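Peer 1: Here the sequence shown stands for residues 5 to 259, where the numbers follow our numbering. No residue lacks a Cβ here, since even glycine has one placed at the ideal position from N, Cα and C. None of these values were measured; they are calculated from a predicted model. This is the structure I have questions about; it appears just below.
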Amino acid sequence: MLFRRIRADSADRRPTLIEELERLARRARALPLAAPFLLLGGLGLGKVTAGVLALPEDTPVRIVTGEEVPRIRLEALSRRMRSIRENGDKTFDYVVLYQDHVAPVERVLRRRGLPARTARQVAWPLVEHTYRRGLSPATVVSILLVESRGKPSATSPVGARGLMQVMPEHAGRWRGCRGSLYDIEANICYGTAILANNLRVLGDERRALLAYNGCVRGKNTPNCWHYPEMVWRLRAQIERELASARRAPGAAAAP
Numbered sequence: 005m006l007f008r009r010i011r012a013d014s015a016d017r018r019p020t021l022i023e024e025l026e027r028l029a030r031r032a033r034a035l036p037l038a039a040p041f042l043l044l045g046g047l048g049l050g051k052v053t054a055g056v057l058a059l060p061e062d063t064p065v066r067i068v069t070g071e072e073v074p075r076i077r078l079e080a081l082s083r084r085m086r087s088i089r090e091n092g093d094k095t096f097d098y099v100v101l102y103q104d105h106v107a108p109v110e111r112v113l114r115r116r117g118l119p120a121r122t123a124r125q126v127a128w129p130l131v132e133h134t135y136r137r138g139l140s141p142a143t144v145v146s147i148l149l150v151e152s153r154g155k156p157s158a159t160s161p162v163g164a165r166g167l168m169q170v171m172p173e174h175a176g177r178w179r180g181c182r183g184s185l186y187d188i189e190a191n192i193c194y195g196t197a198i199l200a201n202n203l204r205v206l207g208d209e210r211r212a213l214l215a216y217n218g219c220v221r222g223k224n225t226p227n228c229w230h231y232p233e234m235v236w237r238l239r240a241q242i243e244r245e246l247a248s249a250r251r252a253p254g255a256a257a258a259p
């Protein structure tokens, strides 16, 4: 289902972000290990970006399983991610959010053939906007790969543009989304907004995906009726790869 959520720890209550930061702070070697990378990433100048932070290779990653996280929590995470990205505040917030939510997506994108730099640029806004719309990262990654194979410069024969193949008429029509459709963050913002709206209006994932693909009568794209199955098959693979990426040693390390 499109509303699959990131899952919390099954055995115990998942620690709050503050508790997690306090736990990290108590680790004697946490800051010394992270500091050189954070400074190299520009944090010493007070500005965090989604494209430059490197984490220690032995940084542990928690496997996210168990009870579903409600949409309000996902939206709160999205707002926090945006604040961190734009304002550069709370260094350890960035580290925790990166290793738990962004690094697994980045790792999967790289395994799927995206250049390391592109995967780094895509992963943070993908997670941020996906959470904002209450969608699952595995679904959005799957659509992105089906639509453009992860190429930000992709243009279809009918004029769809960028990673999620957004048609030009959508530009400027969705709140909070602006910029060129070839811009990574802008394209993901538009694509996730369109997808979430389709689901809300149509109430069914198959119909929402067909509408996203523009498959109304099947005239523009032959065999477009199979689009939902393509996304679902790939999503099942991506979900397994994300789970593996969260478990793998060094999964939170930058390339």
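Starting from residue 193, follow the alpha helix (DSSP H) in both directions and report where the run begins and ends.
Peer 2: Element bounds for residue 193: 188-206.
Peer 1: Kindly list the residues whose CB is nearer than 8 Å to the CB of residue 181, restricted to its own chain and excluding five residues on each side of it in sequence; keep chain order.
Peer 2: Correct list, in chain order: 190, 193, 194, 197.
Peer 1: Decide if residue 162 is buried, meaning its Cβ has at least 16 other Cβ atoms within 10 Å, or exposed.
Peer 2: Exposed is the call here.
Peer 1: Taking the beta carbon of residue 50 as the centre, do at least 16 other beta carbons fall within 10 Å, making it buried, or is it exposed?
Peer 2: Residue confidence for residue 50 is low, a pLDDT of 32 falling below 50, so the modelled location carries little weight and cannot support an answer.
Peer 1: Leaving out five residues before and five after residue 142 in sequence, what residues of the same chain have Cβ atoms less than 8 Å from its Cβ?
Peer 2: Excluding positions up to five away in sequence, the list reads 8, 239, 242, 243, 246.
Peer 1: Using DSSP with H/G/I as helix, E/B as strand and the rest coil, what is residue 182?
Peer 2: DSSP places residue 182 in coil when its eight states are reduced to three.
Peer 1: Going straight from the alpha carbon of residue 114 to that of residue 208, what length do you get?
Peer 2: Each residue's alpha carbon lies about 31 Å from the other.
Peer 1: Quick check: the Cα distance between residue 98 and residue 107, rounded to an integer number of angstroms?
Peer 2: Computed Cα separation, rounded: 11 Å.
Peer 1: Return the first residue and the last residue of the alpha helix (DSSP H) that residue 217 is part of.
Peer 2: Run containing residue 217: 209-217, per the alpha helix (DSSP H) assignment.
Peer 1: Any idea which residues DSSP pairs residue 159 with across the strands?
Peer 2: Answer is 165.
Peer 1: If you draw a straight line from the C-alpha of residue 184 to the C-alpha of residue 156, how long is it?
Peer 2: Cα-Cα distance, rounded: 11 Å.
Peer 1: Going by the beta-carbon positions, is the gap between residue 288 and residue 123 smaller than 8 Å?
Peer 2: What the structure shows of the chain is the stretch from 5 to 259, and residue 288 is not part of that stretch, so it cannot be assessed.
Peer 1: Apply the 10 Å Cβ neighbour rule to residue 202 and answer buried if 16 or more other Cβ atoms are within range, or exposed otherwise.
Peer 2: Result: buried.
Peer 1: Would you tell me roughly how many angstroms separate the C-alpha atoms of residue 214 and residue 83, rounded to the nearest one?
Peer 2: Each residue's alpha carbon lies about 29 Å from the other.
Peer 1: How should residue 229 be labelled, buried or exposed, when 16 other C-beta atoms within 10 angstroms of its C-beta is the threshold for buried?
Peer 2: Label assigned to residue 229: exposed.
Peer 1: If you measure between the beta carbons of residue 154 and residue 139, is that distance less than 8 Å?
Peer 2: No, the Cβ-Cβ distance between residue 154 and residue 139 is not below 8 Å.
Peer 1: Using CA coordinates, which residue listed in 121, 117, 120, 127 is at the minimum distance from residue 102?
Peer 2: Of the candidates 121, 117, 120, 127, the one whose C-alpha sits nearest the C-alpha of residue 102 is 127.
Peer 1: Taking the alpha-carbon positions, what's the residue 173 to residue 100 distance?
Peer 2: Spanning the two alpha carbons is a distance of roughly 38 Å.
Peer 1: Check whether the Cβ atoms of residue 232 and residue 204 lie closer than 8 Å to each other.
Peer 2: No.
Peer 1: Which first and last residues belong to the alpha helix (DSSP H) in which residue 116 is found?
Peer 2: Run containing residue 116: none; DSSP gives neither H nor E here.
Peer 1: Where do the ends of the alpha helix (DSSP H) carrying residue 152 lie?
Peer 2: Per DSSP, residue 152 belongs to the alpha helix (DSSP H) from 141-152.
Peer 1: Can you have a look at residue 227 and say buried or exposed, based on whether 16 or more other CB atoms are within 10 angstroms of its CB?
Peer 2: Exposed, by the Cβ-count rule.
Peer 1: Would you list the residues sitting across from residue 170 in a DSSP beta bridge?
Peer 2: 165, per the DSSP bridge assignment.
Peer 1: With residue 241 as the anchor, note down where its alpha helix (DSSP H) starts and where it stops.
Peer 2: Per DSSP, residue 241 belongs to the alpha helix (DSSP H) from 231-251.
Peer 1: Drop a sphere of 10 angstroms on the beta-carbon of residue 129, count the other beta-carbons inside from all chains shown, and report buried for 16 or more, exposed for fewer.
Peer 2: So residue 129 counts as buried.
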